[in-house]
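A.B. asks:
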Amino acid sequence: MRSPQRREVSRRVFLGAATALLAVEAVPGASAAAVPAGQRNARAFLVAAMDAAPGPVSLSQSYADEAGLFTTAFTYDNALAVLALLALGDQDSCARAVRLGDALRYAQLHDPEHDDGRLRQAYDVGPYTFYDGTPQPHGFVLPDGSANIGARFGFVGTAVGDMAWAGLALTALAERLGESRFLTSAVTIGEWIERNAHSDGPLGGYRFGADGRGNSLPQQSVEHNIDLVALFGKLARLTRDRVWAARREHARAFVLRMWNPDGDFFHTGTNDGATVNPFPVPEDAQTWAHLALGGHGEALDWVVTNLAVTDHAGQPNSTVPDGQRYDGVTFSTASLVADDSGPVRNPNRAGVWFEGTAHLALALRGRDRRAASRLLASVEQAQARLGAGQSVGGIALPAGCGVVAASSPIDSGFGFGYFPHRHVGATAWYLLAATGTNPFR
10 MRSPQRREVS RRVFLGAATA LLAVEAVPGA SAAAVPAGQR NARAFLVAAM DAAPGPVSLS
70 QSYADEAGLF TTAFTYDNAL AVLALLALGD QDSCARAVRL GDALRYAQLH DPEHDDGRLR
130 QAYDVGPYTF YDGTPQPHGF VLPDGSANIG ARFGFVGTAV GDMAWAGLAL TALAERLGES
190 RFLTSAVTIG EWIERNAHSD GPLGGYRFGA DGRGNSLPQQ SVEHNIDLVA LFGKLARLTR
250 DRVWAARREH ARAFVLRMWN PDGDFFHTGT NDGATVNPFP VPEDAQTWAH LALGGHGEAL
310 DWVVTNLAVT DHAGQPNSTV PDGQRYDGVT FSTASLVADD SGPVRNPNRA GVWFEGTAHL
370 ALALRGRDRR AASRLLASVE QAQARLGAGQ SVGGIALPAG CGVVAASSPI DSGFGFGYFP
430 HRHVGATAWY LLAATGTNPF R
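The opening residue of the sequence shown carries number 10 in the numbering used here; numbering runs sequentially from there.
#1: To the nearest angstrom, how far is it from the Cα of Q295 to the Cα of T446?
#2: Anyone know if the C-beta pair for R105 and D133 falls short of 9 angstroms?
#3: Would you call the CB atoms of Q145 and Y137 closer than 9 angstroms?
#4: Is the region 176 to 184 touching the region 146 to 153, taking contact as three or more C-beta pairs under 8 angstroms?
#5: Can you look up R450 in the DSSP assignment and give me helix, strand or coil?
#6: Buried or exposed: P260, going by 16 or more other Cβ atoms within 10 Å of its Cβ?
#7: Can you tell me whether L113 sits near the ligand MN, meaning its C-beta is under 8 angstroms from at least one heavy atom of the ligand?
#8: With a threshold of 16 other CB atoms inside 10 Å of the CB of N280, please say whether the residue is buried or exposed.
#9: Less than 9 angstroms between the C-beta atoms of R426 and V353, yes or no?
#10: Rounded to the nearest angstrom, what separates I235 and V264 at their Cα positions?
#11: By Cβ distance, which residues of its chain are closer than 7 angstroms to A415, with the 5 residues on each side in sequence left out?
#12: So, using beta-carbon positions, are A62 and S69 closer together than 9 angstroms?
#13: Name the residue from D125, G332, T277 whose alpha carbon lies nearest to the alpha carbon of G223.
#14: I need the DSSP call for H432, collapsed to helix, strand or coil.
#15: Buried or exposed: D320, going by 16 or more other Cβ atoms within 10 Å of its Cβ?
#16: DSSP three-state label for L309, please.
#17: How is the alpha helix (DSSP H) around D236 delimited, first residue to last?
#18: Please state whether the Cβ-Cβ distance between N50 and G411 is less than 9 angstroms.
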C-alpha cells in the first residue's frame with residue numbers, strides 16, 4: 010500500500026508531465042471539419058463525457074446520467090474511447106486520447122490498495138449522492154492522491170478483458186506517439202495477467218481475473234482470451250520479446266478449443282477450466298474472433314442468422330417511438346428468450362444492442378460492404394433519434410449526440426442489461442466501425 014506522501018509526490022510529477030505534453034501538438038491529423046456528421050456527433054459525445062468530469066486528470070463517465078450509474082467510468086469504455094479518438098486522427102482527438110491514456114496509467118500507478126499494476130473494473134470520476142443518501146464528494150483523484158475506485162456499485166474487481174482493452178489502448182498510444190511510458194504500462198498489464206490469470210488446466214488459456222478482495226476467479230471467457238491474442242501479439246511486436254508470442258499462443262489455443270464445428274460458432278467459455286459452457290452464446294465471441302484471428306467467416310454467418318433482431322414499437326416491451334425501426338443484433342442467445350426472471354424488468358427480446366451491431370458492421374466490411382453499411386446506418390439513425398433529453402454530469406447533451414447502448418431494454422444473459430442511454434462504449438465502437446479501424450490488429 011502506498012503512503013499518502015508518495016502518492017502526492019507522484020501525483021504532482023504526473024500532472025506536470027501531462028500539462029507539458031498537452032501544450033504541444035501531440036499528433037498531426039485530419040481536420041475535424043472533414044469528418045462526416047455522424048462521426049462528428051459521436052465525437053461530441055465523447056468530448057462531453059470527458060469534460061463533465063472535474064479535475065486536470067480523469068477518466069470519462071461511461072453512461073448518460075439517466076442510466077443511474079452516476080459518474081461511473083468503466084475501464085473498458087475508456088479504453089475504447091482512446092482507440093476511437095485515435096481513429097479520428099485530428100489533433101484535438103489525439104490529445105484527448107493521450108489524456109485518457111494517462112488517466113488509465115494514473116489509475117494503474119495509484120491504486121488505493123495494490124501496487125502491482127492492476128486496473129479496477131470502474132472508477133468514480135465526479136461527486137454524487139448515492140441512493141442511500143451517502144455522499145461521494147470526490148472526483149477521479151482522491152485527496153490523498155489515490156484513484157477513486159467504484160466501490161459503491163461493487164465495481165472493484167479486476168477482469169482480464171478490461172485489462173486487455175486498456176493494454177490495447179496503451180499500445181496504440183505507444184505506436185502513435187513513440188512514448189515509452191505507454192508501452193511500459195501495457196507490459197505491466199500483460200505481466201499482471203500472466204501472474205494472476207494463467208491457467209494450466211485442460212483447456213489452457215487465461216482465467217477471468219480477481220474479485221475486489223484479490224481472490225482469483227476460476228471462470229474463463231473466450232472473449233477475454235481473444236482480447237489477449239491481440240494484446241500479447243502487439244506486445245510481442247513492440248517489445249520483440251518472444252515470451253509474448255508464447256503467451257499469445259496460449260490464449261489463442263483456448264479460443265480455438267471453444268469452437269463448435271457442428272454449430273459454426275464459438276462457445277462463451279468455461280466456469281471451471283475444464284467443462285465448456287454451452288449457453289448462452291454471445292455475439293462478441295464471434296465477431297471479435299474474426300477481427301482478432303482472421304478467418305472464421307462461419308461465425309459471422311452464425312451471428313447474422315441467429316442473433317439478428319429488428320426493434321419497433323410493435324415488439325413486446327419495445328420502448329422505440331412509433332414510426333421508428335432499428336435493425337441489428339442482440340447480445341446473446343439468452344437475450345432472445347429473456348423474461349422478467351432476469352435482472353432486467355420487461356426485457357425486449359428484439360432489442361438492438363448497438364455496440365454489437367457496430368462489431369458486426371466492422372467485421373463484415375471486408376466481405377459484405379452493403380450489409381455493413383446497412384448496420385452502420387441503423388446505428389447512426391439511433392444516434393440521431395434515441396436518447397433525447399439526456400445529460401452527462403448534469404450537463405444537457407446536444408440532440409443527436411452519442412449512441413445509446415440499446416434500442417430497448419435487453420437482458421444480456423450474463424447478469425446485466427443494456428438500456429436506451431447514451432454510452433461511451435457504443436459510441437466508440439460506432440466510430441471504430443465507421444472509420445474501418447480494427448482495434449485488434
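Glycine included, C-beta positions come from ideal geometry on N, C-alpha and C.
C.D. replies: Well, looking at it:
#1: Roughly 18 angstroms separates the two Cα atoms.
#2: For R105 and D133, no; Cβs fall outside 9 angstroms.
#3: The Cβ-Cβ distance between Q145 and Y137 falls below 9 angstroms.
#4: Proximity of the region 176 to 184 to the region 146 to 153 falls short of the contact definition, fewer than three beta-carbon pairs being nearer than 8 angstroms.
#5: Correct three-state label for R450: coil.
#6: This sequence places Ala at residue 260; Pro is not what is there. The residue is buried, with at least 16 neighbouring Cβ atoms inside 10 Å.
#7: Absence of the ligand MN is noted for the structure shown, with no ligands found whatsoever.
#8: So N280 ends up on the exposed side.
#9: For the sequence presented, residue 426 should be read as Gly rather than Arg. A contact, by the Cβ cut-off of 9 angstroms.
#10: I235 and V264 have their C-alpha atoms spaced approximately 7 angstroms apart.
#11: Setting aside the 5 residues that flank it on each side, A415 is surrounded in the same chain by G360, V361, W362, F363, Y427, F428, P429, each with a C-beta closer than 7 angstroms to its C-beta; the list follows chain order.
#12: Taking C-beta atoms as the reference points, A62 and S69 count as a pair closer than 9 angstroms.
#13: Taking G223 as reference, the option from D125, G332, T277 with the minimal CA-CA separation is D125.
#14: In this structure, H432 counts as strand in the three-state DSSP scheme.
#15: Buried, because 16 or more other Cβ atoms sit within 10 Å of the Cβ of D320.
#16: Note: L309 maps to helix in three-state DSSP.
#17: Taken as a continuous stretch (DSSP letters only), the alpha helix (DSSP H) holding D236 covers 231 to 248.
#18: Yes, Cβ-Cβ distance for N50 and G411 is below 9 angstroms.
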